[in-house]
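Asker: For reference, each letter of the sequence shown is one residue, going 904 to 1945 in the working numbering.
Idealized CB from N, CA, C, for every residue including glycine.
Since this is a predicted model, take the numbers as computed values, not measurements.
Mind having a look at this structure? Questions to follow.
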Amino acid sequence: MRRLLILLLMLVVPAAMFAQGVTTAAFNGVVTDQKGNPLVGANVVAVHEPSGTRYGATTREDGWYNIPNVRVGGPYTITVSYLGYKEEKVTGIYLKLGEDRRVNFRLVETALPGEEVTVVAEENPIMSAARTGALTLVSEERIESLPTIQRSIQDFARLSPLIVGTNIGSSDNIGGVNVAGKSNRYNNIQVDGAILNDVFGLPASGTPGGQANAQPISLDAVQEFQVSVAPFDVRQSGFAGGLINIITRSGTNKFEGSAYYFGRNEDLVSDADTLGGKLSTFDEFQTGFRLGGPIVKNKAFFFVSGELKRRDDPLEVKFRGETGAIVFDLPTDSLQRIIDIVKNKFGYDPGGFDPFTRSTDDNKIFARVDINLSDRHRLTLRHNFVDASLDRGLTRSSSTFSLQSQLYEFLSTQNSTVAELTSTLGDNLANEARVSATFVRDKRDPKAQAFPQVEVFVDNKTVRFGVERFSQANKLDQDIIEFTDNLTYYRGNHIFTFGTHNEFYSFSNLFIQDFYGRYRYNSIADLENDRPSRFTYSYSLTGNPRQTADWSAYLLGFYAQDNWKVTNRLNVTYGVRLDVPIFPDNPFENPNFAAQFPGRHTSDVPSGNLMWAPRLGFNYAVDEARKTQIRGGVGVFTGRNPFVWLSNQYSNTGMDFARLDLRDPNLIPGLANRPTPGSPISGANPIQTTEINITDPDFKFPQALRTDIAVDHEVIPGYIGTVEFLYTKNINDIDYEDLNLGQPVGTAFDGRPLYRFQNVSSDFTRVLLLKNTSEGYQWDFTVQLEKLPGQGLIPGLTASLAYTLGEAKDVNSGRSSRAISNWQFNETVDPNNAQLGRSDFEIRHRLLATASYRFKYGNGFATTVSLFYEGRSGRPFNYIYNGDANGDGARFNDLAYIPASPDEIILQDGTWEELNAFIESREALRNARGRIIGRNADREPWVNQLDFRLLQDIPTVKGQKIQLSLDILNVLNLLSPNKWGLQKFMRFQSYSLFRFRGYDQDTGKPILSFFAPRKSNGEYQIFDTDNLLSRWQIQLGIRYTF
C-alpha cells in the first residue's frame, strides 16, 4: 500500500507558481486606451538592461499581461507598443526577490508612428499588492552598508523585528536564528530555491557546516534575500518558524568584480580588567573575490566567487583567586593532582589546563552560469562548495572544566548543485523546473589517544578528560535530492497554480556514544583509588563494531492556488497544500520490547501521514494611490522535522547496540580494567540497561496555524509606518514520554508526582516515545517605521525603527538533537505530562534600530556611515534541583520548590539566612515562595548591542574604486568597557538552586544543600559573561571593485 501511494503521488501533475517565483520576480499589469478600454494584443517587452535579457508578453482579451520568472534586480525598461497608439515605456525599475510588480499603461492614439512616452518608475517594495504576511527584505545595498563582522546570513536576518540570534554564550560562534518564538530547528533556509538547512538538525545555526563554525555560502555570492514569517503563498513551506529565501548573484554583459580582505586580532579587542584583561592570541581574517561577466553577449553569463577564512581564538578561564569573565572556582593544584594521578596510575596523558587557542578553517567556492536559450527559455546552473574545520570539545565554564584531551576537530564538506529552467509557453502559460542535489559530509576527529571520558566531581565542580563521549564514534553523511516543477496559468483576473515540490533524503549516521566508555568519580580520592560511581558504555550487537544507521526519507509536496485580483485595490490569494512524509526503511524490530509494551513496536515509523495546509492571504489598498494598505491572512504552515529526532529510533531499538549504565560498584570495571571498545563486559546484562527510542506511528511534522494582520501607511513620502499582529497556534508540536516510568507511585510534599525508575520493565532503562501535542502558542505585536532609500526627506538615508512585544508558550522547546536530552532536560514538574510553560525561545521585548547614510562628494568619493542597535529582554531560564526530586532517574530537570519559611525544608548545607537573602534578590523567586516555581520564570539581564560601520570609497580609474571599511561591534562597551555591552547569560538556561539530597522519612520535607553564589559589588554572580561578545571588537577591511 505504501509503495502504491508513493507511485500515485509521483504521477501527480507538475507544480505551479503564481506570477512571481521563489528565485525570481515578475511583472503584471493592464494596457488600456484613454477611456479605460482594454487593448487586446498589445506587445509588452521588459528588458533587463545589465544583461540585455528580453522578456515578452501579449495582452489578453481583458488587456492584462503577465511576465513571470524574470531576474531579480535591474534596472528594467518596459515598453508597450500597439498599432495606432504612441509607444510608451517605463524605465529605472528594480525588482525585489519574489516581487510581482504591477505596471499599468494607458496609451494615447497618434497619427505619428514612433512617438513614445517615457516614465521613470518609483520604487516602494513595501506598498505592494503582492505583500500579505510578515516579510523583511534584505537588499544588496543593506548587505553592503550595515555592520557585520562574521559576514553571515544571520547578521542580516536579524533586521527582521521577529528574529533573535542564538549565538549567546557561544564565544562568537555562528549561531542560528529564532523566529517569532519558535525553535531555530523549525526554520527553512533556501538558496536559489534549494534547501540550505542542515536537515538532520544538529548545528545551532541550522545550516550545513554550522558545527565547524562555517557559513554555508559566501556573502559576496548573495544578491539579496527575504525573511518570511507568514507567506500565505502555498508554495512556501518547510518551516513552522521562518523562511530565509536567498538568491545569488549572476553575470551581466559587463565584466565586474571585487577582491577583499577583512581582519581583526587581539589588539582590536577590549582588554578590560573585569573580563580578565587582554585576550591571548586571537586572529581572524577573511579574503576572497567575485567576478562576473558575459560568455556570449546577451546570451550567456557567468559568475564565480571564492572565499577563505582563518581564525584562531582563545578559550580562556580563570581559576580560584583570579579575576575574569568566567572563573572556574577550583585551585590549579587540584587540576594538577588529577593530571598526575592519571599519568602515573593509568598511563594516559589527559592534557593540560593552560589557555587554549582553537582554529577555524573555512573555504568556499561558488559558480553560476545563466544562459538565454531563447526569448522564451532560460537555463541556470550553479554549484556551491564549502570545506571547513573547527577545534571543538573543550567545555570550560564556571562549573565544568575540560582538560585538553577532550579536544576534537570537526570536519565538514558541502557540495550543492542546482539546475533551473524557466520557460514562457505562451501568453497564458509559464513553467519553472528545478532540480538540486546536496551532499554534506560531517565527521568528528578526536585529537587524543583513545580513552574513555572521565568525570571527577570536586567541590561541586566537574573536571573532565579523555575523548569526549559523543565524539568517540561520530560521522554523518547526508544526501538530499530535490525536484520542483512549476506551471503558471493566467485566466482573466485569476492566476491559477497547481504544483509539486519533492525532497529525497538519504542518511548514514555513525553515532555510538560512550564507544570507549564514560566513568564518573565522586572525588579525586576515588579517582586515585579507582572507585568509579558510574560507568556508561555502548557496543554493537550486529557484528559490525561501528554500526551505522542507514535510512532514507521522502517528503512529497503538492499544492493548488488561485491569486485573484478582485479589484484594482483588492488582491486575494487562497490555496491548499498537501505534504506527505514517506519512510521506506524500518528500524529493527525488538520482539522482547513488543511483548512487554503491547501495541508498540521499535519498527514503527510515521510514514504516509497526510499533512494539509490551507491558506488565505489578502492585500487591500485603502486608496487608489496606495498610501495605506491593509494586508494579512490565515493559514497552516508545515515544518520539516529535524531528522535526527527520527534517527534516534534507528539507533536505539535494543537490537543494534548494547548500552550499559552501571551504578553497582561490583559490576563496574575500574578504569585500569576498562573494556576493549566494541566488546561486552563480563557479568553485565546489556538488556537491563538498554534505552529504547520509538515514534508514534501517527506522529506528524511540526504544524502551526498562523494568523497575521497588518496596516502599512505612507506617513510622508518615503516613510512607511507599519502596525502588525502575528498569532501562531500549534497544531502538531513535539512531546516526549518515558513509557517505562508508567504511572506515578506517589506524591511529594509540594504536589509533584513521584515515579519509580524502570517501573514497567527492568529489561530496559528509558523507553522514550516521540509524539505530538497541540498545546502551545506564540504572539507578536510589532510597530515599525521604515525610511526608504533615495526617497522623501533626506534621500541618502536608509533607516528602520521597530519595537516588538511577544509571548511564546510550549510544552517542549526541542533544544537537543537526542531524544533522551529533549526529555530529561525539559524542566518541568511532571516529565511524562509536561505542562504548558514559557518557551526557551521567548523574547518578551525587542527594540531594533538601523540607519545608514551615504555622503557623495568630489568625483566619485563617498562616505557611508551605518548603525545597528538591538535592545531586548534576556532569555528566560529555570531554577532547578541538582538531583532527582521525583524519582524518574534524571537530574537537572526538576523545577525547584521555593520555601516561604525555614520550616518547610531541611537544609543540610548552607543557612536559611543565606538562602532567604538570595530568594529576596530575585523577583521571580520572591513571587514563587510556597510553591514549585514555574518553567522559565526568570530572565537573563537585558541585552544592548550597538554596532557601527564606516565605508570610504576612493575612486581610481575607469569607474573602479577602493573601499576601506571599519566595523565596530559592541560600541557601548567601547564607551564603558567595564559596565556597558556585557553579554551575560545562564548556561543551559537553568540554574541549580539546590542540591537535592532526598526526602525526610518522617516529615516528607526535602533535604537540600544550598551553596550561596559569590557576590561582586553587592550582586550575586549567577550568570556567565561571554568573554568575546562582551568586548568591543574592531574589524578593518579593504575592497577593490572593478
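Apart from the five residues on each side of it in sequence, which residues of its chain come closer than 7 angstroms, Cβ to Cβ, to G1254?
Answerer: Stepping through the sequence shown from its first residue, residue 1254 is reached at position 351. These residues qualify, in order along the chain: L1306, Q1307, S1308, A1351 and F1368.
Asker: Please report the residue range of the beta strand (DSSP E) in which Y1089 lies.
Answerer: Here the question's residue 1089 lines up with position 186 in the sequence shown. Segment: none, Y1089 is in no beta strand (DSSP E) and carries neither H nor E.
Asker: Starting from D1236 and walking both ways along the alpha helix (DSSP H), at which residues does that stretch end?
Answerer: The residue given as residue 1236 occupies position 333 in the sequence shown. T1235 to F1249 is the extent of the alpha helix (DSSP H) around D1236.
Asker: When you compare only the Cα positions, how much space is there between F1288 and N1318?
Answerer: Along the sequence shown, one-based indexing puts residue 1288 at 385. Along the sequence shown, one-based indexing puts residue 1318 at 415. Taking the straight line from one Cα to the other gives about 5 angstroms.
Asker: Using DSSP bridges, identify the partner residues of N1522.
Answerer: For the purposes of this step, residue 1522 is identified with residue 619 of the sequence shown, where counting begins at 1. Its beta-bridge partners are N1474 and R1534.
Asker: Return yes when the Cβ of N1643 is within less than 7 angstroms of the Cβ of V1663, no when it is not.
Answerer: Counting from 1 along the sequence shown, the entry for residue 1663 is found at position 760. Counting from 1 along the sequence shown, the entry for residue 1643 is found at position 740. Contact flag set, yes.
Asker: Considering only C-alpha positions, which residue in the set Q1093, G1068 and G939 is nearest to G1084?
Answerer: In the sequence shown, counting from the first residue as 1, residue 1084 sits at position 181. Comparing Cα positions, the closest option is G1068.
Asker: So the candidates are Y1424, E1492, D1429 and I1398; which of them puts its Cα closest to the Cα of G1478?
Answerer: For the purposes of this step, residue 1478 is taken as residue 575 along the sequence shown, with counting starting at 1. The candidate whose alpha carbon is nearest that of G1478 is I1398.
Asker: H1748: buried (16+ other C-beta within 10 angstroms of its C-beta) or exposed?
Answerer: Here the question's residue 1748 lines up with position 845 in the sequence shown. Result: exposed.
Asker: Kindly identify the DSSP beta-bridge partner or partners of M1514.
Answerer: Translated into positions along the sequence shown, residue 1514 becomes position 611. Its beta-bridge partners are D1482.
Asker: By how many angstroms is the C-alpha of K938 removed from the C-alpha of D1636?
Answerer: Looking up residue 1636 in the sequence shown gives position 733. Looking up residue 938 in the sequence shown gives position 35. Their backbone Cα atoms lie some 56 angstroms apart in a straight line.
Asker: Select from G1586, L1565, Q1848 and N1489 the residue whose C-alpha is nearest the C-alpha of P897.
Answerer: Absent from the structure is residue 897, since the part of the chain shown begins at 904 and ends at 1945.
Asker: For L1266, I'd like the list of residues in its chain whose CB is within less than 6 angstroms of its CB, leaving aside the five on either flank, ordered along the chain.
Answerer: Residue 1266 sits at position 363 when you count from the first residue of the sequence shown. Just to set this straight, residue 1266 is Asn in the shown sequence, not Leu. So the qualifying residues of the chain are L1211 and D1290.
Asker: What's the call for E987, buried or exposed, on a 16-neighbour Cβ count within 10 Å?
Answerer: Locating residue 987 in the sequence shown gives position 84, where the first residue counts as 1. Correcting the residue type first, residue 987 is Gly in the shown sequence and not Glu. With fewer than 16 Cβ atoms within 10 Å of its Cβ, G987 is classed as exposed.
Asker: Among all the DSSP beta bridges, which residues are the ones paired with K1364?
Answerer: In the sequence shown, the residue the question calls residue 1364 occupies position 461. Paired residues: V1361.
Asker: Would you kindly work out how many angstroms separate the C-alpha atoms of L1038 and I1623, rounded to a whole number?
Answerer: Position 135 of the sequence shown, counted from the first residue, corresponds to residue 1038. Position 720 of the sequence shown, counted from the first residue, corresponds to residue 1623. Here the alpha carbon of L1038 sits roughly 14 angstroms from the alpha carbon of I1623.
Asker: What does a CB cutoff of less than 7 angstroms around E1823 pick up in its chain, not counting 5 residues either side in sequence?
Answerer: If you number the sequence shown from 1, residue 1823 lands on position 920. These residues qualify, in order along the chain: R1829.
Asker: For the beta strand (DSSP E) containing F1758, list its first residue and its last residue.
Answerer: By one-based count along the sequence shown, residue 1758 stands at place 855. Counting along the chain, the beta strand (DSSP E) containing F1758 begins and ends at H1748 to Y1760.
Asker: With the cut-off set at 7 angstroms, would you say V934 and G959 are in Cβ contact?
Answerer: For the purposes of this step, residue 934 is taken as residue 31 along the sequence shown, with counting starting at 1. For the purposes of this step, residue 959 is taken as residue 56 along the sequence shown, with counting starting at 1. No. Outside cutoff.
Asker: Under DSSP, the beta strand (DSSP E) around W1454 begins and ends at which residues?
Answerer: Locating residue 1454 in the sequence shown gives position 551, counting from the first residue. Residues A1452 to K1468.
Asker: Who pairs with I1927 in a beta bridge, going by DSSP?
Answerer: Counting from one through the sequence shown, the residue named residue 1927 turns up at place 1024. Sequence check: residue 1927 is Asp here, not Ile. Looking at the DSSP assignment, D1927 forms a beta bridge with F1888.
Asker: Leaving out five residues on either side along the sequence, give the residues of the same chain with a beta carbon under 7 angstroms from the beta carbon of P953.
Answerer: As a first step, residue 953 is located in the sequence shown; it is residue number 50 there, counting from the start. Hits under 7 angstroms: T1155, N1156 and K1157.
Asker: Hey, D1123 and S1055: beta-carbon distance below 7 angstroms or not?
Answerer: Counting from one through the sequence shown, the residue named residue 1123 turns up at place 220. Counting from one through the sequence shown, the residue named residue 1055 turns up at place 152. Contact: no.
Asker: In whole angstroms, what is the alpha-carbon distance linking D1733 and N1789?
Answerer: Residue mapping note: residue 1733 aligns to position 830 of the sequence shown, counting from 1. Residue mapping note: residue 1789 aligns to position 886 of the sequence shown, counting from 1. Between D1733 and N1789, the C-alpha separation is close to 8 angstroms.
Asker: First and last residue of the beta strand (DSSP E) that includes R967?
Answerer: What you label residue 967 is simply residue 64 of the sequence shown in a count that begins at 1. Reading off the sequence, residue 967 comes out as Trp, not Arg. W967 -> beta strand (DSSP E) spans W967 to V973.
Asker: A1456 and F1486 - do their beta-carbons sit closer together than 7 angstroms?
Answerer: Mapped onto the sequence shown, residue 1486 falls at position 583. Mapped onto the sequence shown, residue 1456 falls at position 553. Yes, they are a contact pair.
Asker: Take R1372 and list the residues in its own chain whose beta-carbon comes closer than 6 angstroms to its own, dropping the five residues that flank it on each side.
Answerer: Along the sequence shown, read from residue 1 onward, the residue named residue 1372 stands at position 469. These residues qualify, in order along the chain: Q1356, Q1416, D1417 and R1421.
Asker: Any contact of the region 1857-1876 with the region 1927-1941, i.e. 3+ C-beta pairs under 8 angstroms?
Answerer: Touching, yes.
Asker: Comparing C-alpha positions only, which one of G1777, S1776, R1917 and A1793 sits nearest to I1783?
Answerer: Residue mapping note: residue 1783 aligns to position 880 of the sequence shown, counting from 1. Measuring from the Cα of I1783, the nearest candidate turns out to be A1793.
Asker: Count the other CB atoms, across all protein chains shown, that sit within 10 Å of the CB of W1845; report buried if there are 16 or more and exposed otherwise.
Answerer: Mapped onto the sequence shown, residue 1845 falls at position 942. Exposed, by the Cβ-count rule.
Asker: Taking Q1129 as the reference, which of L1708, F1204, Y1164 and E1043 has the closest Cα?
Answerer: Taking the sequence shown and counting its residues from 1, the one referred to as residue 1129 is at position 226. The candidate whose alpha carbon is nearest that of Q1129 is E1043.
Asker: Buried or exposed: E1225, going by 16 or more other Cβ atoms within 10 Å of its Cβ?
Answerer: Within the sequence shown, numbered from 1, the residue matching residue 1225 stands at position 322. Classification of E1225: exposed, given that the 10 Å Cβ count is below 16.
Asker: Which class does T1110 belong to by DSSP, given the choice of helix, strand or coil?
Answerer: Within the sequence shown, numbered from 1, the residue matching residue 1110 stands at position 207. If DSSP states are grouped into helix, strand and coil, T1110 belongs with coil.
Asker: Counting only the same chain and skipping the five closest in sequence on each side, list residues whose C-beta sits under 7 angstroms from that of L1328.
Answerer: Numbered from 1 along the sequence shown, position 425 holds the residue referred to as residue 1328. N1334, listed in sequence order.
Asker: Within a Cβ cutoff of 7 angstroms, which residues of the same chain sit near G944, ignoring the five residues on either side of it in sequence?
Answerer: Within the sequence shown, residue 944 is the residue found at index 41, counting from 1. Within its own chain, the residues whose Cβ lies closer than 7 angstroms to the Cβ of G944, once the five positions on either side in sequence are excluded, are T961 and T962, listed in chain order.
Asker: Indicate the three-state DSSP secondary structure (helix, strand or coil) for Y1639 in the structure shown.
Answerer: In the sequence shown, the residue the question calls residue 1639 occupies position 736. Correct three-state label for Y1639: strand.
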